[in-house]
Amino acid sequence: MKANHVQDRTALSGKLISVLNSRSLERTHPRLAGMLLPGLSVLDVGCGTGAITRGIAEAVGPSGHVVGMDANPQLIEQARQMHGSVPNLTFQVGDIYHLDYKEAFDLVTCARLLVWLSDPMGALMSMMEET
Ligand SMILES: C[S@@+](CC[C@H](N)C(=O)[O-])C[C@H]1O[C@@H](n2cnc3c(N)ncnc32)[C@H](O)[C@@H]1O
Numbered sequence: 001m002k003a004n005h006v007q008d009r010t011a012l013s014g015k016l017i018s019v020l021n022s023r024s025l026e027r028t029h030p031r032l033a034g035m036l037l038p039g040l041s042v043l044d045v046g047c048g049t050g051a052i053t054r055g056i057a058e059a060v061g062p063s064g065h066v067v068g069m070d071a072n073p074q075l076i077e078q079a080r081q082m083h084g085s086v087p088n089l090t091f092q093v094g095d096i097y098h099l100d101y102k103e104a105f106d107l108v109t110c111a112r113l114l115v116w117l118s119d120p121m122g123a124l125m126s127m128m129e130e131t
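Residue 97 in UniProt numbering is what sits at position 97 of the sequence shown, and the numbering runs on without skipping anything.
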């Protein structure tokens, strides 16, 4: 997917941001919540404003490490402003089709992203390469 196409698809509105901010790990990603253990490293792809990602970081604790990634720089900026003080949590701009982390994560997750993509299988393959 071309970068400008990604930008179009992720165009922001205040309503979208307030919906994303209302998410939580336990309520809106409960299956993942049940899998997390202290010390895990986790990549959350399409993290939006990072509400779920923060919950992941709290669940894995200080011995764990969490990266939230999203194609939309404005959402990543919001995520940094709201959750940047969590020590084991960082946020980065990126594209699910071009993941290139130089580390292997214990777990790579996404919530409410694949359904929006033109090539969800390609995106899943890309995620698998990061574990
Ligand atoms: C419906 S939101 C879900 C956000 C969050 N995971 C949640 O459950 O609240 C989908 C997110 O995927 C991001 N996104 C869309 N295309 C993407 C891509 N190609 N790579 C990474 N993120 C993408 C959007 O910017 C948006 O933040």
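A virtual CB, placed ideally from N, CA and C, is assigned to each residue, including glycine.
Met-1 in three-state terms, based on DSSP: In this prediction, Met-1 scores a pLDDT of 48, lower than 50, which makes its location untrustworthy; the coordinate-derived value is nonetheless stated afterwards. Coil.
Buried or exposed by the 16-neighbour rule on C-beta atoms within 10 Å, applied to Asp-100: Around the beta carbon of Asp-100, fewer than 16 other beta carbons lie within 10 angstroms, which makes this residue exposed.
contact_flag[the segment 70 to 80, the segment 22 to 35] where n(CB pairs < 8 Å) is 3 or more: no
7 Å Cβ cutoff met for Gly-55 and Pro-38: no
Cutoff 8 Å; reference Ile-17; Cβ partners in own chain excluding five residues on either side: Closer than 8 Å at Cβ, skipping near neighbours: Thr-49, Leu-75, Gln-78.
Any non-hydrogen atom of ligand 1 closer than 6 Å to Leu-32 Cβ: Answer for Leu-32: no, Cβ out of range of ligand 1.
Neighbour-count burial assignment, Val-45, 16 or more Cβ in a 10 Å radius: buried
Check: Asp-100 C-beta below 6 Å from any heavy atom of ligand 1: no
Rounded straight-line distance, which links the Cα of Val-86 to that of Ser-22: 18 Å
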